[in-house]
Amino acid sequence: MIDLLTTHYNYIASILLVGIGLYVVMGSPNLVRKVIGMNIFQVGIFLFFVTTGYVDGGVPPIVGHSEGPIVSPLPHVLILTAIVVGVSLTAVALALIVRIYNGYGSLDEDVIKEVQVDD
Numbered sequence: 171m172i173d174l175l176t177t178h179y180n181y182i183a184s185i186l187l188v189g190i191g192l193y194v195v196m197g198s199p200n201l202v203r204k205v206i207g208m209n210i211f212q213v214g215i216f217l218f219f220v221t222t223g224y225v226d227g228g229v230p231p232i233v234g235h236s237e238g239p240i241v242s243p244l245p246h247v248l249i250l251t252a253i254v255v256g257v258s259l260t261a262v263a264l265a266l267i268v269r270i271y272n273g274y275g276s277l278d279e280d281v282i283k284e285v286q287v288d289d
């Protein structure tokens, strides 16, 4: 069991990050904290994909490097794209949160629901 923890610590870290992010998104009524939890969740997914793309003793897929296993660049390229999408999503979410705060005067979900019911 200890050997499993020392050799696969990246997987454990990614599971912890996904769990923490999911807990923050589901448990916090504050909208900014939900965005932060979503970013923590994304980082856990990014770490998982980069970890699965690792090949021990692998070489880059360049012509002329044929000694040993070749590492696929696809997971890393997908994660670069996902990082750009995640930053854009965070920017849009924070812009919407600013508009919600200007309209309702609060970032708490329960207060916003009460104000909507009163209107």
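Take 171 as the starting number for the sequence shown in this note's numbering and just add one per residue. Using N, Cα and C, we set each Cβ at its ideal position, and we do this for glycine too. Keep in mind it's a predicted model, so treat the numbers as computed, not measured.
Would you mind giving the Cβ-Cβ distance between P239 and G228, rounded to the nearest angstrom? I have them listed as a contact below 8 Å.
5 Å
Going by DSSP, what residues sit across from D278 in a beta bridge?
N200
Are E284 and P199 closer than 8 Å when you measure CB to CB?
no
Less than 8 Å separating the beta-carbons of Y184 and G223?
Residue 184 is actually Ser in this sequence, not Tyr. Taking 8 Å as the Cβ cut-off, S184 and G223 do not qualify as a contacting pair.
For R203, collect the residues of the same chain with a Cβ closer than 8 Å to its Cβ; drop the 5 residues on either side in sequence, then sort them by chain order.
V194
With a Cβ-Cβ cutoff of 8 Å, do F219 and I249 count as a contact?
yes
Mapping DSSP to helix, strand and coil, what is V233?
coil
Please report the straight-line C-alpha distance between A252 and F216, rounded to a whole angstrom.
8 Å
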